[in-house]
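Numbering (my numbering), first residue to last: -11 to 294. C-beta atoms are modelled at their ideal positions from N, C-alpha and C, and glycine is treated no differently. Values in this document were obtained by computation on a predicted structure and should not be read as measured data. Here the structure comes first, spelled out in structure tokens, and everything after it is commentary.
The structure is reproduced here in structure tokens:
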């Protein structure tokens, strides 16, 4: 049982007999003896009960130690006797901050992307301008390829000698090729022209080759090139040699003339990029050439850029 402190302090003090002061007169006390006796009895009874209460309180206080007042703990106080229990905290999401290196890489990538876009746009504009300029120049100059004609062809010498180790050919030819420049505003620049001559049907026999030096042809001009070839002691098949001799005699021999060169246009003395061409004058019989026919040759572009 826990009693208040004021009761404990009062119970431990020495007993003082309570005195009841009654304001009565002497005459009344003497006259009422019964009332006086009642007061004596009440005083004795009260004293006895108070002694019993005091003894019971003292005995209880001796068995139980006095309780100390509960003090409030200051903020941040930790009890050392209690075992430290792990505190489980909810895992917090870490905020990933952008590193300076990532920001630099992003800036660098954006800069490179911008440069690439600008370069592509610049190239696109340049291509469009070049195409437009080329179209305007094409419409203005109207460039055309030259026209080749086989003007003349003669076999001045044709001899096939049969020996024990085979047949040998000795021949000499003379021919002319006419070249016409149809352009009215452009000149033509020709590189070295390599010419090869062959005769016969099916398996052809070469009658020699030659190279003509480069030259420049002005606009709307015609140029005649002289071709001379010589073959000496060329090994041929005996049957092919006999066909060459008979065809030359009757005029049924088929002649093929081929040429390879580079041509480029010129504007006011400035040369443009040359283009390699291949010229073929084939399938022409010798008797038609002897009559003065000038068959037109075909032109094939081999490569645009060299």
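| Beta-carbon spacing of residue 243, residue 200 below 8 angstroms | On the chain shown, residue 243 is found 255 positions in, with the first residue counted as 1. On the chain shown, residue 200 is found 212 positions in, with the first residue counted as 1. No, they are not a contact pair.
| message | Check this for me: beta carbons of residue 196 and residue 181, under 8 angstroms apart or not? | response | Numbered from its first residue, the chain shown carries residue 196 at position 208. Numbered from its first residue, the chain shown carries residue 181 at position 193. Their beta carbons are not under 8 angstroms apart, which means residue 196 does not touch residue 181 by this criterion.
| message | Using C-beta distances below 8 angstroms, list every residue in its chain close to residue 298, excluding the 5 sequence neighbours before and after it, in chain order. | response | Past the boundaries of the shown model lies residue 298; the chain is included only from -11 to 294, so the question cannot be answered.
| message | I believe residue 168 touches residue 134 by the beta-carbon criterion, under 8 angstroms. Please report the beta-carbon distance rounded to the nearest angstrom. | response | For the purposes of this step, residue 168 is taken as residue 180 along the chain shown, with counting starting at 1. For the purposes of this step, residue 134 is taken as residue 146 along the chain shown, with counting starting at 1. Right, the Cβ-Cβ distance comes to about 6 angstroms (below 8 angstroms), so this counts as a contact.
| message | Considering just the uninterrupted stretch of the beta strand (DSSP E) at residue 239, what are its terminal residues? | response | Mapped onto the chain shown, residue 239 falls at position 251. It is not in any beta strand (DSSP E) - residue 239 carries neither H nor E in the DSSP assignment.
| task | Go through its chain and collect everything with a Cβ distance to residue 162's Cβ below 6 angstroms, but skip five positions before and after it. | result | Counting from 1 along the chain shown, the entry for residue 162 is found at position 174. Excluding sequence neighbours, residue 162 sits near 142, 144 and 216.
| request: Note down the Cα distance separating residue 114 from residue 122, rounded to an integer number of angstroms. | output: For this step, residue 114 is matched to residue 126 along the chain shown. For this step, residue 122 is matched to residue 134 along the chain shown. Whole-angstrom Cα-Cα distance: 12 angstroms.
| said: Please give the ranges of any beta strand (DSSP E) in the segment 202 to 263, keeping only runs that are unbroken, at least 3 residues long and fully inside the region. | reply: Within the segment 202 to 263, the complete beta strand (DSSP E) runs of at least 3 residues are 203 to 205, 210 to 224 and 242 to 255.
| said: Let's see if you can read the secondary structure: which residues bound the alpha helix (DSSP H) around residue 278? | reply: Locating residue 278 in the chain shown gives position 290, where the first residue counts as 1. Looking at the DSSP string, the run of the alpha helix (DSSP H) that includes residue 278 is 274 to 278.
| query | Would you call residue 207 buried or exposed, if buried means 16 or more other Cβ atoms sit within 10 Å of its Cβ? | reply | Translated into positions along the chain shown, residue 207 becomes position 219. Of the other Cβ atoms in all chains shown, fewer than 16 fall within 10 Å of the Cβ of residue 207; this residue is therefore exposed.
| Just checking, does the segment 102 to 119 make contact with the segment 147 to 160 on the three C-beta pairs under 8 angstroms criterion? | The segment 102 to 119 makes no contact with the segment 147 to 160, as fewer than three CB pairs between them are under 8 angstroms.
| With distances taken between CB atoms, is the gap from residue 155 to residue 229 smaller than 8 angstroms? | Position 167 of the chain shown, counted from the first residue, corresponds to residue 155. Position 241 of the chain shown, counted from the first residue, corresponds to residue 229. Cβ atoms of residue 155 and residue 229: closer than 8 angstroms.
| Environment of residue 223 [buried if 16+ CB atoms lie within 10 Å] | Residue 223 sits at position 235 when you count from the first residue of the chain shown. It is exposed - the Cβ of residue 223 has fewer than 16 other Cβ atoms within 10 Å.
| Cβ-based neighbour list, residue 247, same chain, cut-off 6 angstroms, excluding 5 preceding and 5 following | Counting from 1 along the chain shown, the entry for residue 247 is found at position 259. The answer, listed in chain order, is 181, 183 and 267.
| request: Going by DSSP, name the residue or residues bridged to residue 296. | output: Because residue 296 is not part of the residues shown, which for the chain are -11 to 294, the question remains open.
| said: Can you tell me whether residue 188 is helix, strand or coil according to DSSP? | reply: As a first step, residue 188 is located in the chain shown; it is residue number 200 there, counting from the start. Under the three-state reduction of DSSP, residue 188 is assigned to coil, being neither helix nor strand.
| Beta bridge counterpart(s) of residue 163 as assigned by DSSP | For the purposes of this step, residue 163 is taken as residue 175 along the chain shown, with counting starting at 1. DSSP lists 141 and 215 as partners of residue 163.
| field | Per DSSP, cross-strand counterpart(s) of residue 157 | value | Counted from its first residue, the chain shown places residue 157 at position 169. Partner residues in the beta bridge of residue 157, as assigned by DSSP, are 148 and 222.
| query | Can a CB atom of chain D be found closer than 8 angstroms to the CB of residue 223? | reply | In the structure shown, chain D does not exist; there is a single protein chain.
| query | residue 165 and residue 139: beta carbons closer than 8 angstroms? | reply | Taking the chain shown and counting its residues from 1, the one referred to as residue 165 is at position 177. Taking the chain shown and counting its residues from 1, the one referred to as residue 139 is at position 151. A contact, by the Cβ cut-off of 8 angstroms.
| When the Cα of residue 285 is compared with those of 276, 269, 279 and 278, which residue comes out closest? | To locate residue 285, count along the chain shown from 1; it is residue 297. When the alpha-carbon of residue 285 is set against those of 276, 269, 279 and 278, the nearest one is in 269.
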